[in-house]
Structure formats: C-alpha cells, structure tokens
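Peer 1: Can you read through this structure? Questions will come right after.
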C-alpha cells in the first residue's frame, strides 16, 4: 500500500472515531443509559468467548474425524482387497468382478447396465454367472457371504 493511501485511510478512520466520540458525547448529554452500552459490551465479549470455544471444539472434532477417516480407509482398503481375492478365487472375469462390486454396493441390474453401457439382460446374465461360480443363490447370499465374517 502506498503512503498516500495509508494517509487517506488514517484520515478516514480518524474522522470516524471523532464522529463516534461526538455521538457518544451527545447521547450522554441527552441522558442515554450507559448501563445499556455496558450490557451490550459484556454480551458481545461473552459471545466472542463462546465463539472462540466453539472454534476450538470444531478443530478438535475435525482432528478426531480425520483420525477416524484414516482408520476407516485402512479397513475399507483391506476389505476391498479381501473381496477382490475371493472374487479371484471364484475365477470371475474382470467384468463379472466389476458387477459383483456393484451388486455389493446395492445397485440394481438396471443401474449396473446403465453405468456399464450394456443391456439389462447382459447384466442379469453376468450376475447369474457370478452366482453360479460362487455357489450362491443370489444377491442376498453374495452380500451375506462377505458380511458374515465382518459381523462375527
């Protein structure tokens, strides 16, 4: 910022301070209640203190959230690898594995077909192939197969 700009800003702020002082002086001469101003100032200070405490709490919660998110990512990555290993053991093709993951995520056959840009009958045939290769009876059994170990 240039010296000229600083001078102008200083003059403007000084003028504002003078006008505020004149306003307070005029209010005092007219009998304004000073305790009201005092109560407002106390309330503002309390509000500011509460806001500072809330910001500290938010920071602590964010830190805790990040810790939990990192832990969850570790477990989710491990689960994903375990599922992928099992799908490999069932000798599923790459597209069947992709569909199996979508089925586990809860997508319908129509949604799977739209995402993959195929016909719903194709998605249904691949899902049937997944169930046959895994010796499972359907989507519920597929989900239960992986959830059973997680839930104990």
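In the numbering used here, the protein residues as written are 4 to 155.
Don't be surprised by glycine CBs; every beta carbon is placed ideally from N, CA and C.
Under three-state DSSP, which class holds residue 35?
Peer 2: coil
Peer 1: By DSSP, does residue 5 sit in helix, in strand, or in coil?
Peer 2: coil
Peer 1: Under 8 Å Cβ to Cβ from residue 145, same chain only, skipping five residues before and after it: list those, please.
Peer 2: The beta carbon of residue 145 sits closer than 8 Å to the beta carbons of 103, 106, 107, 133, 134, 137, 139 from its chain, once the five residues preceding and following it are set aside; these are given in chain order.
Peer 1: So residue 132 is in the alpha helix (DSSP H); what residue range does that whole segment cover?
Peer 2: Annotation for residue 132: the continuous alpha helix (DSSP H) segment containing it runs 123–137.
Peer 1: Between residue 98 and residue 69, what straight-line distance do the alpha-carbon atoms span, to the nearest angstrom?
Peer 2: 34 Å
Peer 1: Looking at the secondary structure, which residues open and close the alpha helix (DSSP H) in which residue 106 lies?
Peer 2: 97–108
Peer 1: Quick one: Cα of residue 9 to Cα of residue 75, how far?
Peer 2: The straight-line gap separating the alpha-carbon atoms of residue 9 and residue 75 is approximately 53 Å.
Peer 1: Helix or strand or just coil, what does DSSP make of residue 140?
Peer 2: coil
Peer 1: To the nearest angstrom, report how far apart residue 124 and residue 90 are at their CA atoms.
Peer 2: 22 Å
Peer 1: Measure how close the beta-carbons of residue 85 and residue 112 come, nearest whole angstrom, since I'm counting them as under 8 Å.
Peer 2: Contact flag wrong, Cβ pair sits at about 25 Å.
Peer 1: Quick one: grab the DSSP three-state call for residue 46.
Peer 2: helix
Peer 1: I want to check one thing, is the minimum distance from the CB of residue 61 to the heavy atoms of the ligand HEM below 8 Å?
Peer 2: Annotation note on the ligand HEM: not contained in the displayed structure, which lists no ligands.
Peer 1: Which value, in whole angstroms, describes the spacing of the CA atoms of residue 50 and residue 71?
Peer 2: 31 Å
Peer 1: Does the beta-carbon of residue 45 have 16 or more other beta-carbons within 10 angstroms, so that it is buried, or is it exposed?
Peer 2: exposed
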